[in-house]
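J.: Could you have a look at this structure, given as structure tokens, before my questions?
Have a look at this one:
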């Protein structure tokens, strides 16, 4: 099993990617703590707008967003938003 995060890079293209962690090695709390919230500010329409970004402690890379998506079986890891939605929907149907 793997813990999965969806991160969004800074920039106009809003590039997104998945970062996963082995669930046998790390707890949910451990992987969540790898993304440190940092306060940032941006100029928008001549006003400063404050927001929270995230620094990945392992590499120091900063992301505009970092969302924990959950724990998935290796062969059921979603590769896009459609697969993620289907995974959540199917899990809900099983309850």
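Residue numbers (our numbering): 14 to 108. Ideal placement from N, C-alpha and C gives every residue a C-beta, glycine not left out.
(1) By a C-beta neighbour count over all protein chains shown, 10 Å radius and 16 as the cutoff for buried, is residue 67 buried or exposed?
(2) Can you tell me whether residue 44 is buried or exposed, with buried defined as 16 or more other CB within 10 angstroms of its CB?
(3) With which residues is residue 65 paired in a DSSP beta bridge?
(4) Is residue 34 helix, strand or coil by DSSP?
(5) Tell me the rounded alpha-carbon separation between residue 22 and residue 32.
T.: With the given structure in hand:
(1) Buried, since its Cβ has 16 or more Cβ neighbours within 10 Å.
(2) Its Cβ being crowded by 16 or more others within 10 Å, residue 44 is buried.
(3) Answer is 52, bridged to residue 65.
(4) In the three-state DSSP reduction, residue 34 falls in the strand class (E or B).
(5) Roughly 12 Å between the two C-alpha positions.
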